[in-house]
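Right, one structure below, let's go through it.
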């Protein structure tokens, strides 16, 4: 579990994160959503320690990550895996070497043990046989899966995913979402996902935090989001007519009525 | 004459701009020193660091060997021909050409010229490699894994350059003199026997020491300055190119400045 208390971060005079508090629960996919420039990425970078917050606390296992010494931070970081928006694979290394890299750095396993573990995680992300390929030789979806494999190779307790579906087709996005969800449950990981992919929100949003201009605007899950009265959230999530119709259908299905601001004629258009 | 309001404003703007530039320079020097300080941390796994160091040695050393060989041979050959062209007096023995070529190659051509070329070859490679890693979040990925990126990415490059570049300078000096010897005999300016005789006349071992001091100082500049610019890139592909160019320009200027300073101090 990660607990964030009154987090603040600014660059110069611009405040990007303003007094955000949240709890990221273990064994759940905790989604941070919001439009571009809402502070999602800065928030995540503060959580993993790439940015130093101006104020507030980030508690890992109840200990404040922002004030702990370098040695303790290193220990926490060994429990963190992260999937980057652009996958951030090392270009000069093969898929196998990329995944093996954290094992080389932090374990004293034999080469055979490392290879076994690499093959296990490659198998888990359904990339068996891609060991010798270079990042430039594989597709975007495969890169994401290699990124996930590298992130989970040391059995992390915390998994961070920065826009895992960006640049992927809807079908591949669903595969990645499913994989992240399964891994979260399988290893009881605290997963934090930055996204503005609405499929992800509805499919794997065990917990959703909506950010608007650096402030936490709404918190709930993928079931509650349908019934949210928050106008900004509704405008963001159900931006298109198609999505508004889908929301009405889901509401109709579950409650027998639709959003009070809309009528059946709107829906039938 | 009373200063008009417009003149005062212009004077203030000029003063403000220069003080801003000065501040930027101090900020950059401060960040550079902090980067160097940050490199000295305990490696997470010395085997991985050793492997990276060896990789950098091969990359910088073997990767630049070809260009160093070509430049050195021609540099020595041209020195012989041009020295012979200028020494027209029959009173000056032919073997003096070898002496002049030897000292020119040792004191200036091998350390300075080769290092300026290496600033382009090695420097741009280091800056663009680190810049690309920064822009594509590979450095962030390493940081999140708990790896000190300055120690892992910058230190092996600087140490490898400090080891390998002086070796390249030694090879360059030897090849330069050899190139001069071949050119002298091919152009029938002086025989190889005369050249060898001249090489041993009034030889000062201190010149070799001076060349090596220069090589170490330049090796540090060639590796650390591009590492600084590459490591701190912000933006995209355009900024990587800019950082790479800037690192080469700054390295070359610093090499020339250090060259003058070392000559003034040590000679």
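Residue numbers (our numbering), protein chains in the order written: chain L, 80 to 348; chain P, 131 to 397.
All residues carry an ideal CB built from backbone N, CA and C; glycine is no exception.
Is residue 370 of chain P close to chain L? Criterion is C-beta to C-beta, closer than 8 Å.
no
For residue 161 of chain L and chain P, any beta-carbon pair shorter than 8 Å?
yes
Could you tell me which residues DSSP puts in a beta bridge with residue 286 of chain L?
L:109
Taking 8 Å as the CB-CB cut-off, is residue 271 of chain P touching chain L?
yes
Quick one: what does DSSP say residue 101 of chain L is sitting in, helix, strand or coil?
strand
How is the beta strand (DSSP E) around residue 180 of chain P delimited, first residue to last?
No beta strand (DSSP E) contains residue 180 of chain P, which is instead part of the alpha helix (DSSP H) from 176-187.
Suppose you measure from the CA of residue 236 of chain L to the CA of residue 260 of chain L; what does that come to, to the nearest Å?
14 Å
So the alpha helix (DSSP H) residue 334 of chain L belongs to, where does it begin and stop?
320-334
Can you pull out the residues from the segment 142-169 of chain L whose beta carbon lies closer than 7 Å to at least one beta carbon of chain P?
153, 156, 157, 159, 161, 163, 165, 167, 169
Spatial neighbours of residue 243 of chain P within its chain, please: CB distance less than 8 Å, with the 5 preceding and 5 following residues excluded, ordered by chain position.
201, 205
Short of 8 Å in beta carbon distance, which residues of its chain neighbour residue 149 of chain L, apart from the five on each side in sequence? Order them along the chain.
none
Please report how far the alpha carbon of residue 359 of chain P lies from the alpha carbon of residue 185 of chain P, in whole angstroms.
21 Å
Along the chain, where does the beta strand (DSSP E) that runs through residue 85 of chain L open and close?
81-90
Start-end ranges of the alpha helix (DSSP H) lying completely within the segment 250-320 of chain L, minimum 4 residues
277-283, 310-316
Taking C-beta to C-beta, are residue 174 of chain L and residue 198 of chain L nearer than 8 Å?
no
Taking only the alpha-carbon atoms, compute the straight-line gap between residue 176 of chain L and residue 250 of chain L and give it to the nearest angstrom.
28 Å
Whose C-beta lies closer than 6 Å to the C-beta of residue 384 of chain P among residues of the same chain, with five residues either side of it excluded?
351
Among L:314, L:92, L:282, which residue has its Cα nearest to the Cα of residue 300 of chain L?
L:282
Consult DSSP for residue 148 of chain L and reduce its assignment to one of helix, strand or coil.
coil
For residue 127 of chain L, would you say it is in contact with chain P, using Cβ-to-Cβ distances shorter than 8 Å as the test?
yes
Name the two residues that bound the continuous alpha helix (DSSP H) containing residue 137 of chain L.
No alpha helix (DSSP H) holds residue 137 of chain L; the beta strand (DSSP E) holding it covers 134-139.
Looking at chain L, is there any beta carbon in it that lies within less than 8 Å of the beta carbon of residue 275 of chain P?
yes
Assuming residue 328 of chain P and residue 209 of chain P are in contact, meaning their beta carbons sit under 8 Å apart, how far apart are those beta carbons, in whole angstroms?
Going by Cβ atoms, the distance from residue 328 of chain P to residue 209 of chain P rounds to 13 Å, so no, they are not a contact pair.
Start and end residues, alpha helix (DSSP H) containing residue 248 of chain L
Segment: none, residue 248 of chain L is in no alpha helix (DSSP H) and carries neither H nor E.
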